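Undergrad: Structure in structure tokens, see below.
Number of protein chains: 2
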Amino acid sequence: MSSARHDRQETIKKATQLFWEKGFHATSMRNLQDVIDLRPGSIYASFGSKEGLFRETLQCYANSSLERLAKHAASLPPLDALKAFITESVSTAKGSSPSDMCMLAKTVAELTQDNAELLAEAKRLLKTIEVAFTELAAKAQQQGALDKDKDPQRIASFLQMQLMGLKAYSRATDGKANIKALIDDAFAGLS
Amino acid sequence: MSSARHDRQETIKKATQLFWEKGFHATSMRNLQDVIDLRPGSIYASFGSKEGLFRETLQCYANSSLERLAKHAASLPPLDALKAFITESVSTAKGSSPSDMCMLAKTVAELTQDNAELLAEAKRLLKTIEVAFTELAAKAQQQGALDKDKDPQRIASFLQMQLMGLKAYSRATDGKANIKALIDDAFAGLS
DNA sequence: CACTCGTTTGAGCGGTCGTTCAATATTAGC
DNA sequence: GCTAATATTGAACGACCGCTCAAACGAGTG
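Heads up: the protein sequence lines correspond to chains A and B, in order. Heads up: the first sequence begins at 4 in my numbering, then just goes up one per residue. Heads up: the second sequence begins at 4 in my numbering, then just goes up one per residue.
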């Protein structure tokens, strides 16, 4: 269980791509077997179930999102980092990435109480991203880039909501819409 | 085919509730058979396939959305009607309605090219709602409630994006978030 | 009431689903 | 190089999927 012959991280990455593209229900185990090149026994020995594997892909996705955000925060002022992160999230979603949607938002949209644990996990991971937003918003206030009378929490939830809306709208319009204008409008009330 | 013994509209309504709640893939025909109280033969005689029935539920959902919007537009100034519609869409979604999500946005998020026709239909219906937004935005400009140098098309797409984001965020937070504040923030740039 | 013809029924089809487990292959320790 | 321990394989399982169709039903007509 602990020392697998295959590269666990690599396996999760490949599974993430597939789940992200097709969603939980539309992805079959046989689909996964082909993509991650493992037979059912190995998958179940490593991850326990389809749900178990999916949970790890959610965490993988959330981690890489947080890393992207941190990368921008390291080289840009907080508010610019937030805008850069959101712009990147929405626009890179148009081409190379599996779906145009946020995988966590897509999961929250798809799942019901029939998969309560996965639904709760996706919500929890979204919250961790929002917390990172809150920290950056607070930092922006300290640096005077943002009104100090605004609640950083409220700004963070607003940005999270914008990100969800932007990705969903981008997908609904096949990226034909003027996304850049929409992002500018979204940030208009802040800067 | 044309004269069914069951109430076709009532059947579609019930199916809409179920599809809206669980999504296309997670809703089984046996599920539907129970809810709409028809046996498979009748369903296939009336709607042809699961996809055919789903398509009609999408149209049913879009129509009732457009009717709600028209209802508000009949008794309120254009901009207030838009805000009332969005507020209603997001807040009624918290309780009685099947999902907290917009059924069309949920469908666009869930489906892939494996169901290309349904995906295209959901996108098309979203666009019809956006067109209604555009008309109201233009009317608001004529009445001086909105800057005339803003493109009504751009305002409409912004509002559509906001609506998608609000519903998705509301679902992700179990409606615990301060949705009213978010709506105010969303409209802050307009009024 | 008998006949007609479109509607409804529901058992059941072929296929795919997530999952299991005995058999096999691979590695690590001596 | 043998053995014990562990990872991997893949055929197969029961359950459920979307869907079909011969048979039963029932409203309208004469």
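Where a beta carbon is used, it is the ideal one built from N, C-alpha and C, also for glycine. On a predicted model such as this, the values are computed, not experimentally measured, just so you know.
Taking the alpha-carbon of Arg71(A) as reference, which of Lys170(A), Ala180(A), Ser52(A) and Ala135(A) has the nearest alpha-carbon?
TA: Ala135(A)
Undergrad: Exposed or buried, which one is Met106(A) when buried takes at least 16 other CB atoms within 10 Å?
TA: buried
Undergrad: Let me check understanding here. Comparing Cα to Cα, which of Gln20(A), Ile15(A), Ser78(A) and Glu24(A) lies closest to Thr115(B)?
TA: When only C-alpha atoms are compared, the closest one is Glu24(A).
Undergrad: Distance, Cα to Cα, Gln20(A) vs Lys142(B)?
TA: Straight-line Cα distance between these residues: approximately 44 Å.
Undergrad: Quick one: is Val111(A) near chain B, going by C-beta distance under 7 Å?
TA: yes
Undergrad: State whether the stretch 83–97 of chain A contacts the stretch 164–184 of chain A, with contact taken as three or more CB pairs (one from each stretch) at a distance under 8 Å.
TA: Segments in contact, yes.
Undergrad: Check the C-beta distance from Leu149(B) over to Leu82(B) and give it rounded, since I have them as a contact under 8 Å.
TA: 6 Å
Undergrad: Under 7 Å between C-beta atoms, does Lys151(B) make it to chain A?
TA: By this cut-off, Lys151(B) is not an interface position.
Undergrad: Taking the Cβ atom as the reference point for each residue, do Gly190(A) and Lys86(A) lie within a distance shorter than 7 Å?
TA: Residue identity differs from the one stated: residue 190(A) is Phe in this sequence, not Gly. A contact, by the Cβ cut-off of 7 Å.
Undergrad: What residues in the stretch 17–29 of chain A bring their beta carbon closer than 8 Å to a beta carbon of chain B?
TA: Glu24, Lys25, Gly26, His28 and Ala29
Undergrad: Return no unless some Cβ of chain A is closer than 7 Å to the Cβ of Phe161(B).
TA: yes
Undergrad: Are the C-beta atoms of Thr131(B) and some chain A residue less than 7 Å apart?
TA: no
Undergrad: To test your reading of the DSSP string, which unbroken beta strand (DSSP E) runs of 3 or more residues are found completely within the stretch 159–187 of chain A?
TA: Correct list: empty.
Undergrad: Looking at chain B, is there any beta carbon in it that lies within less than 7 Å of the beta carbon of Lys126(A)?
TA: Contacts with chain B at 7 Å (Cβ-Cβ) include Lys126(A).
Undergrad: Once you ignore the five residues that flank Leu122(A) on each side, which residues in its own chain have a CB closer than 8 Å to its CB?
TA: Thr110, Val111, Leu114, Thr115 and Gln116
Undergrad: Hey, would you say Ala184(A) sits closer than 7 Å to Ala159(A), going by beta carbons?
TA: Taking 7 Å as the Cβ cut-off, Ala184(A) and Ala159(A) do not qualify as a contacting pair.
Undergrad: Verify the CB distance criterion: does Gly168(A) have a CB-CB separation below 7 Å to chain B?
TA: yes
Undergrad: Between which two residues does the alpha helix (DSSP H) harbouring Ser194(A) extend?
TA: It is not in any alpha helix (DSSP H) - Ser194(A) carries neither H nor E in the DSSP assignment.
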